[in-house]
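Enquirer: Those letters in the sequence shown? Residues 1 to 414, per the UniProt record's numbering, in order.
Dropping a structure here in structure tokens format, bear with me for questions.
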Amino acid sequence: MEKPTPPPTPSTAMALSDEWCSRHFDHLSPELAATMPATMARMRELHPVARSEEHGGFWVVSGYEEALTVAQDWEVYSSAHGLGIPRAPLVVRNLPVQADPPEQRIFKRLINPFFTPAAVAPWEAATRALADRLIDAFIETGRCEFMNEFARPFPSLAFFQLAINAPETDLEKVAYMASKSSTPDDPEARECWQGLYAWIRDFTRARKAAPPLGDVVDAVVHAEVDGRPITEEEVIGTVQLLILGGLETTAGALGLMLDRFCADPSIPALLRERPGLIPIASLELLRLDPSFVAVGRTAMRDAELGGCPVKAGDRVLIHWASANRDPGEFSEADSFDPGRERNRHLSFGAGPHRCAGSNLARMNLKVALERVLDRMQNIRLAEGATVKYHRGLTRSPDTLPITFTPGPRLTPAV
Numbered sequence: 001m002e003k004p005t006p007p008p009t010p011s012t013a014m015a016l017s018d019e020w021c022s023r024h025f026d027h028l029s030p031e032l033a034a035t036m037p038a039t040m041a042r043m044r045e046l047h048p049v050a051r052s053e054e055h056g057g058f059w060v061v062s063g064y065e066e067a068l069t070v071a072q073d074w075e076v077y078s079s080a081h082g083l084g085i086p087r088a089p090l091v092v093r094n095l096p097v098q099a100d101p102p103e104q105r106i107f108k109r110l111i112n113p114f115f116t117p118a119a120v121a122p123w124e125a126a127t128r129a130l131a132d133r134l135i136d137a138f139i140e141t142g143r144c145e146f147m148n149e150f151a152r153p154f155p156s157l158a159f160f161q162l163a164i165n166a167p168e169t170d171l172e173k174v175a176y177m178a179s180k181s182s183t184p185d186d187p188e189a190r191e192c193w194q195g196l197y198a199w200i201r202d203f204t205r206a207r208k209a210a211p212p213l214g215d216v217v218d219a220v221v222h223a224e225v226d227g228r229p230i231t232e233e234e235v236i237g238t239v240q241l242l243i244l245g246g247l248e249t250t251a252g253a254l255g256l257m258l259d260r261f262c263a264d265p266s267i268p269a270l271l272r273e274r275p276g277l278i279p280i281a282s283l284e285l286l287r288l289d290p291s292f293v294a295v296g297r298t299a300m301r302d303a304e305l306g307g308c309p310v311k312a313g314d315r316v317l318i319h320w321a322s323a324n325r326d327p328g329e330f331s332e333a334d335s336f337d338p339g340r341e342r343n344r345h346l347s348f349g350a351g352p353h354r355c356a357g358s359n360l361a362r363m364n365l366k367v368a369l370e371r372v373l374d375r376m377q378n379i380r381l382a383e384g385a386t387v388k389y390h391r392g393l394t395r396s397p398d399t400l401p402i403t404f405t406p407g408p409r410l411t412p413a414v
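So, in structure tokens, the structure goes:
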């Protein structure tokens with residue numbers, strides 16, 4: 001298969017300093033968000049497992065095999081003690097990701113049946129119509145701010161309408177709180193966690209009292225856990241995880257994909273010529289530029305990781321984005337290769353906490369790319385624009401102003 005000419009491989013000369021990588025790594029740094037591929041390449045070269053002095057001290061795992069070890073060994077590396085470093089100001093646990101087996105399995109079994117390939121397939125037509133409706137709003141102008149006009153509302157509206165049957169009028173407020181909550185040092189993080197808690201509490205109480213709709217929310221609010229009724233805190237924590245996983249990560253992935261299209265127009269050209277490649281190409285794009293960047297664990301006992309002595313109680317950060325570019329696992333790891341035969345990327349995580357909504361995310365990304373590539377030609381970053389990135393455990397462009405060849409609406413303007 002002929003591949004597009006890749007953009008230049010990020011140079012380690014662009015990376016943050018070796019001293020920073022070795023002792024002061026900080027995943028919340030805006031400088032890391034701007035230089036992530038190059039800096040993480042240097043991290044892997046220097047220390048696939050490194051000890052940072054920031055945030056009270058923690059281990060940074062940047063190599064693929066080491067990341068997979070931590071993700072799969074839940075008995076040593078626990079999720080039950082918080083996923084953020086520093087710990088986020090949570091009001092309630094995110095379930096099932098902030099629990100370890102066997103408790104984790106109970107809550108995952110509640111939600112899994114609603115996000116299988118068969119369960120999400122009937123949503124595809126409505127998802128496609130939603131994508132076209134959003135594109136119609138700006139297609140005639142030949143320009144848009146892609147994050148606010150498409151990348152964020154698209155998965156959020158789809159999730160609210162199709163997965164949890166929530167009021168569309170609440171979407172903007174909930175999406176804002178979900179985004180702010182994902183950055184632990186954001187001054188609004190605590191307030192947004194509290195606001196998200198209150199919204200979910202009121203929403204799930206109303207749903208519990210209403211006639212059932214047969215969706216995942218019904219399954220959660222009426223669930224039994226170990227032979228007892230599920231508690232309200234458990235209901236809120238489970239729905240909170242669905243929202244956090246369903247909104248910001250897919251929006252970020254779409255933004256990063258369009259950012260890459262602007263930097264390397266040969267990729268969208270190839271996918272327009274061969275649209276059948278879009279499903280597997282979207283996974284390769286996710287490998288290169290995941291929006292779910294990293295996640296924290298807590299060591300429950302002394303262990304050795306990559307030759308380093310991890311002590312019980314130590315915090316450990318798995319850097320998915322770095323592992324996805326480890327040349328020990330992926331040949332030409334910095335290059336886009338839609339024909340990659342072995343693509344065990346970690347963009348959806350790994351182990352017992354692998355993303356339960358991955359099938360929905362894949363469908364959303366496939367549909368969005370199909371409609372964007374079909375209807376928006378000659379996509380470019382707007383003249384003079386500089387892309388800055390959201391920082392934390394997730395990564396996405398804050399804004400992405402683009403231009404393209406104006407096109408026709410599919411439905412008349414109202």
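We treat Cβ as the ideally placed atom computed from N, Cα and C, and that holds for glycine.
Which runs of the alpha helix (DSSP H), 4 residues or longer, sit entirely within the region 215-247?
Expert: 216-221 and 232-246
Enquirer: Go through its chain and collect everything with a Cβ distance to residue 192's Cβ below 7 Å, but skip five positions before and after it.
Expert: Along the sequence shown, one-based indexing puts residue 192 at 192. So the list reads 177, 180 and 181, once near-sequence residues are dropped.
Enquirer: What separation, rounded to the nearest whole angstrom, lies between the Cα atoms of residue 349 and residue 273?
Expert: For the purposes of this step, residue 349 is taken as the residue at position 349 of the sequence shown. For the purposes of this step, residue 273 is taken as the residue at position 273 of the sequence shown. In a straight line, the C-alpha of residue 349 is about 31 Å away from that of residue 273.
Enquirer: Is it buried or exposed, residue 17, if we count other Cβ atoms within 10 angstroms and call 16 or more buried?
Expert: Locating residue 17 in the sequence shown gives position 17, counting from the first residue. That one is exposed.
Enquirer: Nearest-angstrom Cα distance between residue 23 and residue 341?
Expert: Counting from one through the sequence shown, the residue named residue 23 turns up at place 23. Counting from one through the sequence shown, the residue named residue 341 turns up at place 341. The alpha-carbon atoms of residue 23 and residue 341 are separated by roughly 36 Å.
Enquirer: Whose C-beta lies closer than 7 Å to the C-beta of residue 326 among residues of the same chain, with five residues either side of it excluded?
Expert: Here residue 326 refers to the residue found at position 326 when the sequence shown is read from its first residue. Only 44, 63, 64 and 333 meet the Cβ criterion.
Enquirer: Could you spell out the range, first to last residue, of the alpha helix (DSSP H) harbouring residue 19?
Expert: For the purposes of this step, residue 19 is taken as the residue at position 19 of the sequence shown. 18-23 is the extent of the alpha helix (DSSP H) around residue 19.
Enquirer: Quick one: what's got a C-beta closer than 8 Å to residue 294's C-beta in the same chain, skipping five residues either side?
Expert: Taking the first residue of the sequence shown as 1, we reach residue 294 at position 294. Only 27, 317, 318, 319, 320, 321 and 393 meet the Cβ criterion.
Enquirer: To which residues does DSSP link residue 298 through a beta bridge?
Expert: Locating residue 298 in the sequence shown gives position 298, counting from the first residue. The partner list for residue 298 (beta bridge, DSSP) reads 78 and 315.
Enquirer: Can you tell me which of 353, 282 and 167 puts its alpha carbon nearest to the alpha carbon of residue 336?
Expert: As a working note, residue 336 is residue 336 in the sequence shown. Closest option to residue 336, Cα to Cα, is 282.
Enquirer: In terms of alpha-carbon separation, which member of 234, 70, 307 and 255 lies closest to residue 288?
Expert: Here residue 288 is taken as the residue at index 288 of the sequence shown, counted from 1. The candidate whose alpha carbon is nearest that of residue 288 is 255.
Enquirer: Residues in the same chain with beta-carbon distance under 6 Å from residue 129, minus the five sequence neighbours each way, listed in chain order, please.
Expert: The residue you call residue 129 lines up with position 129 of the sequence shown. Cβ neighbours of residue 129 beyond the five flanking positions: none.
Enquirer: Checking 8 Å against the spacing of the C-beta atoms, do residue 67 and residue 361 come in under that value?
Expert: Numbered from its first residue, the sequence shown carries residue 67 at position 67. Numbered from its first residue, the sequence shown carries residue 361 at position 361. No, they are not a contact pair.
Enquirer: Taking 8 Å as the threshold, find out whether the region 99-113 comes into contact with the region 358-372 through three or more Cβ pairs.
Expert: no
Enquirer: With a 10 Å radius around its C-beta and 16 neighbouring C-beta atoms as the bar for buried, classify residue 290 as buried or exposed.
Expert: Numbered from 1 along the sequence shown, position 290 holds the residue referred to as residue 290. So residue 290 counts as buried.
Enquirer: Hey, how far is the Cα of residue 47 from the Cα of residue 83?
Expert: As a working mapping, residue 47 is identified with position 47 in the sequence shown. As a working mapping, residue 83 is identified with position 83 in the sequence shown. Straight-line spacing of the CA atoms in residue 47 and residue 83 works out to 22 Å.
Enquirer: I need the boundaries of the alpha helix (DSSP H) containing residue 111, first residue and last residue.
Expert: Sequence index remark: in the sequence shown, residue 111 carries index 111 (1-based). Per DSSP, residue 111 belongs to the alpha helix (DSSP H) from 103-111.
Enquirer: Classify residue 228: buried if its beta carbon has 16 or more other beta carbons within 10 angstroms, exposed otherwise.
Expert: If you number the sequence shown from 1, residue 228 lands on position 228. The residue in question, residue 228, is exposed, as its Cβ has fewer than 16 Cβ neighbours within 10 Å.
Enquirer: Under 8 Å Cβ to Cβ from residue 147, same chain only, skipping five residues before and after it: list those, please.
Expert: Residue 147 sits at position 147 when you count from the first residue of the sequence shown. Only 251, 255, 396, 397, 398, 399 and 400 meet the Cβ criterion.
Enquirer: Anyone know if the C-beta pair for residue 307 and residue 71 falls short of 8 Å?
Expert: For the purposes of this step, residue 307 is taken as residue 307 along the sequence shown, with counting starting at 1. For the purposes of this step, residue 71 is taken as residue 71 along the sequence shown, with counting starting at 1. For residue 307 and residue 71, no; Cβs fall outside 8 Å.
Enquirer: Excluding the five sequence neighbours on either side, which residues of its own chain have a C-beta within less than 7 Å of the C-beta of residue 297, listed in chain order?
Expert: Position 297 of the sequence shown, counting from 1, holds the residue named residue 297. Result list for residue 297: 70, 77, 78, 79, 316 and 318, in chain order.
Enquirer: Taking all protein chains shown into account, do 16 or more other C-beta atoms lie within 10 angstroms of the C-beta of residue 302, making it buried, or fewer, making it exposed?
Expert: Working through the sequence shown from its first residue, we reach residue 302 at position 302. That one is exposed.
Enquirer: Could you say which of 95, 249, 408 and 269 lies nearest to residue 390 if we only look at CA atoms?
Expert: Taking the sequence shown and counting its residues from 1, one reaches residue 390 at position 390. When only C-alpha atoms are compared, the closest one is 249.
Enquirer: Is it right to say residue 405 is buried, meaning 16 or more other beta carbons lie within 10 angstroms of its own, or is it exposed?
Expert: For this step, residue 405 is matched to residue 405 along the sequence shown. When all chains shown are included, residue 405 counts as exposed.
Enquirer: With DSSP as the reference, label residue 341 as helix, strand or coil.
Expert: Taking the sequence shown and counting its residues from 1, the one referred to as residue 341 is at position 341. In this structure, residue 341 counts as coil in the three-state DSSP scheme.
Enquirer: In this structure, what does DSSP give as the bridge partners for residue 59?
Expert: On the sequence shown, position 59 is the one that residue 59 refers to. Paired residues: 51 and 316.
Enquirer: Which class does residue 397 belong to by DSSP, given the choice of helix, strand or coil?
Expert: Counted from its first residue, the sequence shown places residue 397 at position 397. Correct three-state label for residue 397: strand.
Enquirer: Which residue comes first and which comes last in the alpha helix (DSSP H) that contains residue 200?
Expert: As a first step, residue 200 must be located in the sequence shown, where it is residue number 200. It spans 189-209 - the alpha helix (DSSP H) in which residue 200 sits, taken as one unbroken run.
Enquirer: Which class does residue 275 belong to by DSSP, given the choice of helix, strand or coil?
Expert: Start at 1 with the first residue of the sequence shown, and residue 275 comes out as number 275. Correct three-state label for residue 275: helix.
Enquirer: Pull up the distance between the alpha-carbon of residue 149 and that of residue 304, whole angstroms please.
Expert: Position 149 of the sequence shown, counting from 1, holds the residue named residue 149. Position 304 of the sequence shown, counting from 1, holds the residue named residue 304. Approximately 47 Å between the Cα atoms of the pair.
Enquirer: Thinking just about the alpha-carbon of each residue, which of 371, 372, 403 and 363 is nearest to the one in residue 382?
Expert: By 1-based counting over the sequence shown, the position of residue 382 is 382. Ranking 371, 372, 403 and 363 by Cα distance to residue 382 puts 403 first.
Enquirer: Take the Cβ of residue 237 as the centre, count every other Cβ of all protein chains shown within 10 Å, and call the residue buried at 16 or more, exposed below.
Expert: Position 237 of the sequence shown, counted from the first residue, corresponds to residue 237. So residue 237 ends up on the buried side.
Enquirer: Could you tell me if residue 344 is buried or exposed, where buried requires 16 or more neighbouring beta carbons within 10 angstroms of its beta carbon?
Expert: Numbered from its first residue, the sequence shown carries residue 344 at position 344. Result: exposed.
Enquirer: Can you have a look at residue 170 and say buried or exposed, based on whether 16 or more other CB atoms are within 10 angstroms of its CB?
Expert: Taking the sequence shown and counting its residues from 1, one reaches residue 170 at position 170. Classification of residue 170: exposed, given that the 10 Å Cβ count is below 16.
Enquirer: Would you kindly work out how many angstroms separate the C-alpha atoms of residue 269 and residue 102, rounded to a whole number?
Expert: As a first step, residue 269 is located in the sequence shown; it is residue number 269 there, counting from the start. As a first step, residue 102 is located in the sequence shown; it is residue number 102 there, counting from the start. So the alpha carbons of these two residues sit roughly 47 Å apart.
Enquirer: Would you call residue 328 buried or exposed, if buried means 16 or more other Cβ atoms sit within 10 Å of its Cβ?
Expert: For the purposes of this step, residue 328 is identified with residue 328 of the sequence shown, where counting begins at 1. With fewer than 16 Cβ atoms within 10 Å of its Cβ, residue 328 is classed as exposed.
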